[in-house]
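Engineer: If you read the sequence shown in my numbering, its first letter stands for residue 68, the second for the next number, and so on. Glycine residues also receive a C-beta, built at the ideal position from the N, C-alpha and C atoms. Remember, it's a predicted structure, so these values are computed and weren't measured experimentally. Take this structure first; my questions come after.
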Amino acid sequence: MHYVERPRSADVGAVTTARPGTHLVLGPIGAPQSRAPALDLASCAPIMPSRSPDSPEFAGDAAEFLRALGSGMGLLWIRALHDGGMLREAEQSVLERWKLEMEPTPPALSIMRFINTLVSLVLPLAVVAKIPVISNQSIYDPPANYLDPQVLYSRPVELSDGTLLATWENYSPEPPLVYFPIFKSTDGGKKWKHISNVTDQVNGWGLRYQPFLYQLPQKFGKYPKGTILLSGSSIPTDLSQTLIEVYASRDKGYTWEFVSHVALGGEALPNHGLTPVWEPFLMTYKEKLVLYYSDQRDNATHSQKMVHQTTTDLKKWSKVVDDVAYADYYARPGMPTVAKLPNGAYIYAYEYGGEPSEASYSFPVYYRISKNPLKFSEAEHHRVSPINGDTPYGSPYVVWSKYGGKNGTIVLNGASNSEIYTNQYLGHPAYWKKWSTPQPNAYTRALLVYKEDPDSVMIMGGGYLPPGKTNEISFSNIKLSQIMKE
Numbered sequence: 068m069h070y071v072e073r074p075r076s077a078d079v080g081a082v083t084t085a086r087p088g089t090h091l092v093l094g095p096i097g098a099p100q101s102r103a104p105a106l107d108l109a110s111c112a113p114i115m116p117s118r119s120p121d122s123p124e125f126a127g128d129a130a131e132f133l134r135a136l137g138s139g140m141g142l143l144w145i146r147a148l149h150d151g152g153m154l155r156e157a158e159q160s161v162l163e164r165w166k167l168e169m170e171p172t173p174p175a176l177s178i179m180r181f182i183n184t185l186v187s188l189v190l191p192l193a194v195v196a197k198i199p200v201i202s203n204q205s206i207y208d209p210p211a212n213y214l215d216p217q218v219l220y221s222r223p224v225e226l227s228d229g230t231l232l233a234t235w236e237n238y239s240p241e242p243p244l245v246y247f248p249i250f251k252s253t254d255g256g257k258k259w260k261h262i263s264n265v266t267d268q269v270n271g272w273g274l275r276y277q278p279f280l281y282q283l284p285q286k287f288g289k290y291p292k293g294t295i296l297l298s299g300s301s302i303p304t305d306l307s308q309t310l311i312e313v314y315a316s317r318d319k320g321y322t323w324e325f326v327s328h329v330a331l332g333g334e335a336l337p338n339h340g341l342t343p344v345w346e347p348f349l350m351t352y353k354e355k356l357v358l359y360y361s362d363q364r365d366n367a368t369h370s371q372k373m374v375h376q377t378t379t380d381l382k383k384w385s386k387v388v389d390d391v392a393y394a395d396y397y398a399r400p401g402m403p404t405v406a407k408l409p410n411g412a413y414i415y416a417y418e419y420g421g422e423p424s425e426a427s428y429s430f431p432v433y434y435r436i437s438k439n440p441l442k443f444s445e446a447e448h449h450r451v452s453p454i455n456g457d458t459p460y461g462s463p464y465v466v467w468s469k470y471g472g473k474n475g476t477i478v479l480n481g482a483s484n485s486e487i488y489t490n491q492y493l494g495h496p497a498y499w500k501k502w503s504t505p506q507p508n509a510y511t512r513a514l515l516v517y518k519e520d521p522d523s524v525m526i527m528g529g530g531y532l533p534p535g536k537t538n539e540i541s542f543s544n545i546k547l548s549q550i551m552k553e
């Protein structure tokens with residue numbers, strides 16, 4: 068990084084050339100008025116900016132902002148303030164349609180020239196951000212000495228810079244205590260690297276079941292926006308207790324620290340009358356972080372129900388609130404996942420164990436929709452019944468994509484088959500459709516919609532419940548536009 072003189076006429080931002088065709092000179096907010104950092108295009112191409120200068124770590128640090136320009140994929144952020152105006156964020160797919168949200172005063176014209184130059188440099192490289200189509204690619208094939216089922220219950224997350232992280236239940240021989248491995252990809256899943264393990268730091272039990280990864284979209288307590296959370300269940304080797312906990316990483320998954328205990332339950336067996344807690348799922352709602360999970364502790368009146376707790380600092384958690392609890396004692400609603408819809412409502416998907424219309428005890432997939440994701444208990448339930456196939460059963464996962472028109476597309480799957488189920492009518496029960504995918508069915512396959520390419524959806528699986536020692540972690544990247552063909 069080196070500096071050149073900044074044009075005095077550009078009191079907000081400017082572009083000039085330090086050496087023709089070699090350097091781009093930027094004047095971001097917070098840079099000295101007389102000098103601006105020059106970005107050496109030859110050393111940092113492709114230019115795929117991926118982080119927001121509004122993030123706390125940028126705080127006027129122009130050099131850090133420019134370093135971010137040369138890394139990752141994702142949203143291209145430019146922010147310039149003048150007389151209350153500002154530039155909006157723009158996706159790479161619509162860079163050519165950038166608009167300036169202010170009057171074209173002389174300083175604003177400088178910003179326009181700045182943006183036009185930057186767009187001309189970025190557009191030829193935008194193809195780098197394309198998500199590759201991948202069919203059932205292995206991420207991790209466990210060693211033969213791993214205990215049955217070897218691996219299970221995989222969960223991915225896409226970070227704000229486009230990096231992918233993945234974790235799963237890892238049935239390695241004990242000792243040492245079991246842990247949740249963290250794998251990383253920076254190329255849309257083509258290559259993965261093991262970067263860390265999340266280990267039990269407080270109980271001496273191990274981290275055993277049902278991990279979930281989440282990146283904070285805002286600050287909570289002492290944990291800044293961008294912190295990665297892992298929630299999962301700490302369980303001793305004899306399975307005598309279950310304890311849902313939260314761990315945090317401030318360095319994109321390389322190191323982890325214990326944050327808090329959330330819910331303590333009994334023996335880790337899914338039997339009527341026992342009291343374990345299961346299957347955490349995290350989501351932010353307004354100023355609260357919500358942790359949804361399945362709860363057997365009210366075992367005098369419910370074999371299992373679904374509940375949530377909230378926090379504003381990741382340390383202190385609210386009282387338990389019911390989300391789904393059926394009158395039949397033997398009903399077992401479970402495995403909640405939640406997605407926000409474009410109309411401001413939320414869809415809550417789950418398996419309904421013991422659903423009364425079934426000939427035998429089974430787990431058809433149900434869902435509820437509510438404007439308030441803290442009040443799913445008041446919402447009507449619906450069965451996923453596609454117009455072109457059968458209901459999915461067991462361990463569902465639901466996401467929403469912008470692909471597919473003004474309503475976008477709800478995407479859901481279950482354990483019983485390899486297809487996905489979509490709804491482009493905001494969850495109306497009459498409009499579910501089933502579509503084939505290249506990813507094999509598995510117990511609790513996870514779904515992920517890519518932030519920069521909502522047509523692309525990842526499906527990740529970790530195999531089946533025991534017995535059997537053939538599980539591995541694998542995934543597919545599909546295009547909804549290709550899958551959803553009549």
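Grab me the residues of Trp259's own chain with a C-beta within less than 6 Å of its C-beta, minus the 5 sequence neighbours each way, in chain order.
Structural biologist: Here residue 259 is taken as the residue at index 192 of the sequence shown, counted from 1. The answer, listed in chain order, is Ile206, Phe250 and Ser252.
Engineer: Is it true that the CB of Arg512 sits closer than 8 Å to the CB of Gly530?
Structural biologist: Numbered from 1 along the sequence shown, position 463 holds the residue referred to as residue 530. Numbered from 1 along the sequence shown, position 445 holds the residue referred to as residue 512. It is not a contact, given that the beta carbons lie outside the stated cut-off.
Engineer: Taking Gln204 as the reference, which of Tyr276, Ile454 and Pro505 has the closest Cα?
Structural biologist: Taking the first residue of the sequence shown as 1, we reach residue 204 at position 137. When only C-alpha atoms are compared, the closest one is Pro505.
Engineer: According to DSSP, Asp389 sits in a beta bridge with which residue or residues?
Structural biologist: As a position in the sequence shown, residue 389 is number 322, starting the count at 1. DSSP, once it has assigned bridges, lists Val374 as partnering Asp389.
Engineer: Can you give me the start and stop residues for the beta strand (DSSP E) that Gln204 sits inside?
Structural biologist: Here the question's residue 204 lines up with position 137 in the sequence shown. Gln204 -> beta strand (DSSP E) spans Ile201 to Tyr207.
Engineer: Which runs of the alpha helix (DSSP H), 4 residues or longer, sit entirely within the region 493-550?
Structural biologist: Taking only runs of at least 4 residues, the alpha helix (DSSP H) segments lying wholly in the region 493-550 are 547-550.
Engineer: Whose CA, out of Thr378, Thr351 and Tyr396, lies closest to the CA of Pro404?
Structural biologist: Here residue 404 is taken as the residue at index 337 of the sequence shown, counted from 1. Pro is not the amino acid found at residue 404; the sequence shown has Thr there. When each option's Cα is compared against that of Thr404, the closest is Thr351.
Engineer: Across the region 320-339 and the region 283-303, are there enough close Cβ pairs to call them in contact, namely three or more that are closer than 8 Å?
Structural biologist: With a cut-off of 8 Å, the region 283-303 and the region 320-339 count as touching, because enough Cβ pairs lie within range.
Engineer: Please report how far the alpha carbon of Ala482 lies from the alpha carbon of Val326, in whole angstroms.
Structural biologist: In the sequence shown, the residue the question calls residue 482 occupies position 415. In the sequence shown, the residue the question calls residue 326 occupies position 259. One C-alpha to the other measures close to 32 Å.
Engineer: Apply the 10 Å Cβ neighbour rule to Leu192 and answer buried if 16 or more other Cβ atoms are within range, or exposed otherwise.
Structural biologist: Within the sequence shown, the letter at position 125 stands for residue 192. With a pLDDT of only 41 at Leu192, under 50, the local geometry of the prediction cannot be trusted, and no value is derived from it.
Engineer: Spatial neighbours of Asn455 within its chain, please: C-beta separation below 8 Å, excluding the five flanking residues on both sides.
Structural biologist: The residue labelled residue 455 in the question sits at position 388 within the sequence shown. Here the set comprises Lys500 and Lys501.
Engineer: Just verifying my parser: in three-state terms, what is the DSSP assignment at Pro120?
Structural biologist: Locating residue 120 in the sequence shown gives position 53, counting from the first residue. Only weak support is given to the placement of Pro120: the predicted model assigns it a pLDDT of 38, under 50, and the value that follows is read from those uncertain coordinates. Three-state DSSP puts Pro120 in coil, outside helix and strand.
Engineer: How many Å lie between Glu225 and Asn366 at the Cα?
Structural biologist: On the sequence shown, residue 225 is found 158 positions in, with the first residue counted as 1. On the sequence shown, residue 366 is found 299 positions in, with the first residue counted as 1. Taking the straight line joining both Cα atoms gives about 37 Å.
Engineer: DSSP three-state call for Ser444: helix, strand or coil?
Structural biologist: Against the sequence shown, residue 444 aligns to sequence position 377. In this structure, Ser444 counts as helix in the three-state DSSP scheme.
Engineer: Let's see if you can read the secondary structure: which residues bound the beta strand (DSSP E) around Pro248?
Structural biologist: Working through the sequence shown from its first residue, we reach residue 248 at position 181. Element bounds for Pro248: Phe247 to Ser252.
Engineer: Go to Asn480, then tell me how far its beta strand (DSSP E) extends in each direction, as first and last residue.
Structural biologist: Numbered from 1 along the sequence shown, position 413 holds the residue referred to as residue 480. Taken as a continuous stretch (DSSP letters only), the beta strand (DSSP E) holding Asn480 covers Thr476 to Asn480.
Engineer: Does DSSP put Lys292 in a helix, in a strand, or in coil?
Structural biologist: Residue 292 sits at position 225 when you count from the first residue of the sequence shown. In the structure shown, Lys292 sits in coil (DSSP, three-state: anything other than H, G, I, E or B).
Engineer: Check the C-beta distance from Tyr281 over to Asn264 and give it rounded, since I have them as a contact under 8 Å.
Structural biologist: Taking the sequence shown and counting its residues from 1, the one referred to as residue 281 is at position 214. Taking the sequence shown and counting its residues from 1, the one referred to as residue 264 is at position 197. About 18 Å; that fails the 8 Å criterion.
Engineer: Assign Gln549 to buried or exposed, taking buried as 16 or more other Cβ atoms, counted over all protein chains shown, within 10 Å of its Cβ.
Structural biologist: Sequence index remark: in the sequence shown, residue 549 carries index 482 (1-based). Flag for Gln549 reads exposed.
Engineer: Tell me the DSSP secondary structure of Gly332 in three-state form.
Structural biologist: As a working mapping, residue 332 is identified with position 265 in the sequence shown. It is a strand residue.
Engineer: Count the other CB atoms, across all protein chains shown, that sit within 10 Å of the CB of Ala497; report buried if there are 16 or more and exposed otherwise.
Structural biologist: For the purposes of this step, residue 497 is identified with residue 430 of the sequence shown, where counting begins at 1. Ala497 is exposed by the Cβ-count criterion.
Engineer: Does the region 444-454 come close enough to the region 423-435 to have 3 or more Cβ pairs within less than 8 Å?
Structural biologist: Contact between the region 444-454 and the region 423-435 is present, because at least three Cβ pairs lie under 8 Å.
Engineer: Beta-carbon within less than 7 Å of Val329's beta-carbon, same chain only, minus the 5 sequence neighbours each way: which residues are those?
Structural biologist: For the purposes of this step, residue 329 is identified with residue 262 of the sequence shown, where counting begins at 1. Excluding sequence neighbours, Val329 sits near Ile311, Glu312, Val313, Leu358, Gln376 and Trp384.
Engineer: If we count the other Cβ atoms within 10 Å of its Cβ and call it buried at 16 or more, is Ser541 buried or exposed?
Structural biologist: Counting from 1 along the sequence shown, the entry for residue 541 is found at position 474. Ser541 should be labelled buried.
Engineer: Where does Val465 fall in DSSP's three states?
Structural biologist: Within the sequence shown, residue 465 is the residue found at index 398, counting from 1. Strand at Val465.
Engineer: Can you give me the start and stop residues for the beta strand (DSSP E) that Pro278 sits inside?
Structural biologist: Within the sequence shown, residue 278 is the residue found at index 211, counting from 1. Looking at the DSSP string, the run of the beta strand (DSSP E) that includes Pro278 is Leu274 to Gln282.
Engineer: Just curious, the beta strand (DSSP E) that Tyr360 is in, first and last residue?
Structural biologist: Position 293 of the sequence shown, counting from 1, holds the residue named residue 360. Its beta strand (DSSP E) spans residues Lys355 to Asp362.
Engineer: To which residues does DSSP link Ser316 through a beta bridge?
Structural biologist: Sequence index remark: in the sequence shown, residue 316 carries index 249 (1-based). Answer by DSSP bridge pairing, in chain order: Ile295.
Engineer: Would you please state the rounded distance, in angstroms, between the beta carbons of Ser444 and Asp390? I believe it to be under 8 Å.
Structural biologist: For this step, residue 444 is matched to residue 377 along the sequence shown. For this step, residue 390 is matched to residue 323 along the sequence shown. Sure, about 6 Å apart at Cβ, within 8 Å.
Engineer: DSSP on Asn264, reduced to helix/strand/coil?
Structural biologist: Taking the sequence shown and counting its residues from 1, one reaches residue 264 at position 197. Correct three-state label for Asn264: strand.
Engineer: Distance, Cα to Cα, Lys518 vs Val478?
Structural biologist: Mapped onto the sequence shown, residue 518 falls at position 451. Mapped onto the sequence shown, residue 478 falls at position 411. If I take the Cα positions, the gap works out to 15 Å.
Engineer: Can you name, in chain order, every residue of its own chain whose Cβ lies under 8 Å from the Cβ of Asp215, other than the five neighbours on each side?
Structural biologist: Looking up residue 215 in the sequence shown gives position 148. Here the set comprises Tyr238, Pro533, Pro534, Gly535 and Lys536.
Engineer: In three-state terms, what does DSSP make of Thr304?
Structural biologist: As a first step, residue 304 must be located in the sequence shown, where it is residue number 237. In the structure shown, Thr304 sits in coil (DSSP, three-state: anything other than H, G, I, E or B).
Engineer: Out of Trp235, Pro243 and Gln491, state which residue places its alpha-carbon closest to the alpha-carbon of Pro409.
Structural biologist: Position 342 of the sequence shown, counted from the start, is the residue given in the question as residue 409. Minimum Cα distance to Pro409 is reached at Gln491.
Engineer: Below 6 Å CB to CB, which residues in the same chain sit around Val466 once its five sequence neighbours on both sides are set aside?
Structural biologist: As a working mapping, residue 466 is identified with position 399 in the sequence shown. Answer for Val466: Ala406, Val478, Leu514 and Val516, listed in chain order.
Engineer: Look at the alpha carbon of Ser298 and the alpha carbon of Leu349, and state the distance between them as a whole number of angstroms.
Structural biologist: Taking the first residue of the sequence shown as position 1, residue 298 is located at position 231. Taking the first residue of the sequence shown as position 1, residue 349 is located at position 282. C-alpha separation (whole angstroms): 8 Å.
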